[in-house]
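Chemist:
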Amino acid sequence: MTDLSRRKLIKTGLSTATGIAGLSVATGMAKNYGLIPPDSSGIWGIGETLNYASYRLLTNHSMAREFPRNEISTTPFANDVAPLSDAFKKLQEGGFADWRLTVEGMVDRPGVLSLGQLKSYPARSQITQLACEEGWSYVAEWTGVQLSHVLDMAGIQSQARYVVYYSIEPDWWDSIDMVDALHPQTYLAYGMNGGDLSVGNGGPLRMRVPRQLGYKSVKFITRIVVTDDLKKFGKGLGSSSPEGGYAWYAGI
Ligand SMILES: Nc1nc2c(c(=O)[nH]1)N[C@H]1C(S)=C(S)[C@@H](COP(=O)(O)O)O[C@H]1N2
Ligand SMILES: [Mo]
15 MTDLSRRKLI KTGLSTATGI AGLSVATGMA KNYGLIPPDS SGIWGIGETL
65 NYASYRLLTN HSMAREFPRN EISTTPFAND VAPLSDAFKK LQEGGFADWR
115 LTVEGMVDRP GVLSLGQLKS YPARSQITQL ACEEGWSYVA EWTGVQLSHV
165 LDMAGIQSQA RYVVYYSIEP DWWDSIDMVD ALHPQTYLAY GMNGGDLSVG
215 NGGPLRMRVP RQLGYKSVKF ITRIVVTDDL KKFGKGLGSS SPEGGYAWYA
265 GI
């Protein structure tokens, strides 16, 4: 590659890099900046790396769009979930008084939190869109505690790079990097449109990651684990989604 085209590539940025030479320069840069996603080794690996790396370099601090109140959807769509377990139904019958969120991994103060404790933390609200990879979306007001607040309380250790989160549904777990975990719009959400978060929409507690597609907003959250290495979890792809063919990083 000539100096001129190299300069042009750096100037125009990773997202517009084309051709094999461009791709290898871009993935090299991504590697230097620690921007290789955990699902980068498959057929679509280069695409996933470019997508994640260019988003991170260009939009690290950007906010998901917030909407005026009059654009809240009148019928927020509750996507189907697998039939909920007896354990879930028992918690539901008890008004979720016994729902617990375990916080563990690379934190100084691991612990177990009730919904009451989460609600005693500073509450935040945002009116944002939840967009499914299948093409539909809705706008709602989400209320919850910033994930960053829960992480601050637990004291994240300096090597931490990702937060892994688990649903009470066994097949649903996912993870985000620290940029999204500490982002002000990433919530552990327990409210929607002024009321409790309905079970259909993931109540009593769901992760809300408005800068990524809907599937990253995992419902019925019971556990979060702070880690430096996603290879230790599941098949090492960072989430149950790439195991089913979806990208780990689903920035919008
Ligand atoms: N536990 C769990 N979380 C989940 C899902 C699921 O089936 N189970 N579906 C995901 C998908 S694909 C989308 S698009 C959103 C849908 O959220 P909604 O039901 O509020 O529309 O939830 C996500 N979180
Ligand atoms: Mo979805």
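Under the numbering used here, the sequence shown has 180 at position 166, and the numbering climbs by one with no breaks. Ideal Cβ placement from N, Cα and C applies to all residues, glycine included. Since we're looking at a predicted model, the values are computed, not measured.
Have a look at the DSSP bridge pairing and note the partners of Leu105.
Modeler: Counting from one through the sequence shown, the residue named residue 105 turns up at place 91. Answer is none; Leu105 lacks a bridge partner.
Chemist: Flag this pair as yes or no: are the beta carbons of Gln199 and Met77 separated by less than 9 Å?
Modeler: In the sequence shown, residue 199 corresponds to position 185, counting from 1. In the sequence shown, residue 77 corresponds to position 63, counting from 1. Contact: yes.
Chemist: Check the C-beta distance from Thr116 over to Ile182 and give it rounded, since I have them as a contact under 8 Å.
Modeler: Within the sequence shown, the letter at position 102 stands for residue 116. Within the sequence shown, the letter at position 168 stands for residue 182. That belief does not hold up - the Cβ atoms of Thr116 and Ile182 are roughly 11 Å apart, past 8 Å.
Chemist: Could you pull the DSSP bridge partners for Trp150 from this structure?
Modeler: As a first step, residue 150 is located in the sequence shown; it is residue number 136 there, counting from the start. Per DSSP, none; premise fails for Trp150.
Chemist: Under 8 Å: does the beta carbon of Gly214 sit that close to some heavy atom of ligand 1?
Modeler: Within the sequence shown, residue 214 is the residue found at index 200, counting from 1. Within the cutoff, so yes.
Chemist: Does the beta-carbon of Ser75 have 16 or more other beta-carbons within 10 angstroms, so that it is buried, or is it exposed?
Modeler: As a position in the sequence shown, residue 75 is number 61, starting the count at 1. In the sequence as presented, Ser is not what sits at residue 75; that position holds His. Exposed.
Chemist: For my contact list, Tyr201 and Val240 are in at a C-beta cut-off of 8 Å; report their separation, rounded to the angstrom.
Modeler: As a first step, residue 201 must be located in the sequence shown, where it is residue number 187. As a first step, residue 240 must be located in the sequence shown, where it is residue number 226. At roughly 17 Å, the Cβ-Cβ gap does not stay under 8 Å, so Tyr201 and Val240 are not in contact.
Chemist: The alpha helix (DSSP H) that contains Gln131, what's its start and end?
Modeler: As a working mapping, residue 131 is identified with position 117 in the sequence shown. Gln131 -> alpha helix (DSSP H) spans Leu129 to Ser134.
Chemist: Using three-state DSSP, classify Lys249 as helix, strand or coil.
Modeler: Taking the first residue of the sequence shown as 1, we reach residue 249 at position 235. Residue state, collapsed to three classes: coil.
Chemist: Take every Cβ of the stretch 244–262, pair it with every Cβ of the stretch 183–198, and state whether three or more of those distances are shorter than 8 Å.
Modeler: Flag = yes, the stretch 244–262 and the stretch 183–198 touch.
Chemist: Compare the beta carbon distance of Phe110 and Gly217 with 9 Å and say whether it is the shorter of the two.
Modeler: Position 96 of the sequence shown holds residue 110. Position 203 of the sequence shown holds residue 217. Yes. Within cutoff.
Chemist: Measure the C-alpha to C-alpha separation of Ala67 and Tyr260 and round it to an integer number of angstroms.
Modeler: To locate residue 67, count along the sequence shown from 1; it is residue 53. To locate residue 260, count along the sequence shown from 1; it is residue 246. Each residue's alpha carbon lies about 17 Å from the other.
Chemist: Using the beta-carbon of each residue, find all residues closer than 7 Å to any heavy atom of ligand 2 and list them in chain order.
Modeler: Result: Asn93, Cys146, Glu147, Glu148, Leu227, Gly228 and Tyr229.
Chemist: Compute the distance between the beta-carbons of Leu244 and Tyr179, then report whether it is under 9 Å.
Modeler: If you number the sequence shown from 1, residue 244 lands on position 230. If you number the sequence shown from 1, residue 179 lands on position 165. Going by C-beta atoms, Leu244 is not nearer than 9 Å to Tyr179.
Chemist: Give the straight-line distance between the Cα atoms of Asp194 and Ala264, rounded to the nearest whole angstrom.
Modeler: Taking the first residue of the sequence shown as position 1, residue 194 is located at position 180. Taking the first residue of the sequence shown as position 1, residue 264 is located at position 250. Taking the straight line from one Cα to the other gives about 11 Å.
Chemist: Given a cut-off of 9 Å on the beta-carbon distance, is the pair Thr142 and Val153 in contact?
Modeler: The count along the sequence shown starts at 1 and reaches residue 142 at position 128. The count along the sequence shown starts at 1 and reaches residue 153 at position 139. Cβ distance < 9 Å, so Thr142 and Val153 count as in contact.
Chemist: Taking 8 Å as the cut-off, is the CB of Arg220 close to at least one heavy atom of ligand 1?
Modeler: Residue 220 sits at position 206 when you count from the first residue of the sequence shown. Yes - ligand 1 has a heavy atom lying nearer than 8 Å to the Cβ of Arg220.
Chemist: On the three-state DSSP scale, how would you describe Leu161?
Modeler: Here residue 161 is taken as the residue at index 147 of the sequence shown, counted from 1. Looking at Leu161 - three-state DSSP - the assignment turns out to be helix.
Chemist: Compute the Euclidean distance between the alpha carbons of Tyr229 and Cys146, then round it to the nearest angstrom.
Modeler: The residue given as residue 229 occupies position 215 in the sequence shown. The residue given as residue 146 occupies position 132 in the sequence shown. Computed Cα separation, rounded: 7 Å.
Chemist: Hey, would you say Gln140 sits closer than 9 Å to Arg83, going by beta carbons?
Modeler: Position 126 of the sequence shown holds residue 140. Position 69 of the sequence shown holds residue 83. Not in contact: Gln140 and Arg83 (Cβ atoms no closer than 9 Å).
Chemist: Quick check on DSSP: helix, strand or coil for Val193?
Modeler: Sequence index remark: in the sequence shown, residue 193 carries index 179 (1-based). Val193: helix per DSSP, three-state reduction.
Chemist: With H, G and I counted as helix, E and B as strand and the rest as coil, what does DSSP make of Tyr260?
Modeler: Position 246 of the sequence shown, counted from the first residue, corresponds to residue 260. In the structure shown, Tyr260 sits in coil (DSSP, three-state: anything other than H, G, I, E or B).
Chemist: According to DSSP, is Leu219 part of a helix, a strand, or is it coil?
Modeler: For the purposes of this step, residue 219 is taken as the residue at position 205 of the sequence shown. Note: Leu219 maps to coil in three-state DSSP.
Chemist: Is Lys233 near ligand 1 - that is, is its Cβ less than 8 Å away from at least one heavy atom of it?
Modeler: Taking the first residue of the sequence shown as 1, we reach residue 233 at position 219. True, at least one ligand heavy atom lies under 8 Å from that Cβ.
Chemist: Would Met206 and Trp156 be called neighbours here (beta carbons separated by less than 9 Å)?
Modeler: Position 192 of the sequence shown holds residue 206. Position 142 of the sequence shown holds residue 156. A contact, by the Cβ cut-off of 9 Å.
Chemist: Specify, as a first and last residue, the run of the beta strand (DSSP E) that Arg138 falls within.
Modeler: Along the sequence shown, read from residue 1 onward, the residue named residue 138 stands at position 124. Its beta strand (DSSP E) spans residues Arg138 to Ala145.
Chemist: Please list the terminal residues of the continuous beta strand (DSSP E) segment that includes Ala203.
Modeler: Along the sequence shown, read from residue 1 onward, the residue named residue 203 stands at position 189. Here the beta strand (DSSP E) through Ala203 covers Tyr201 to Met206.
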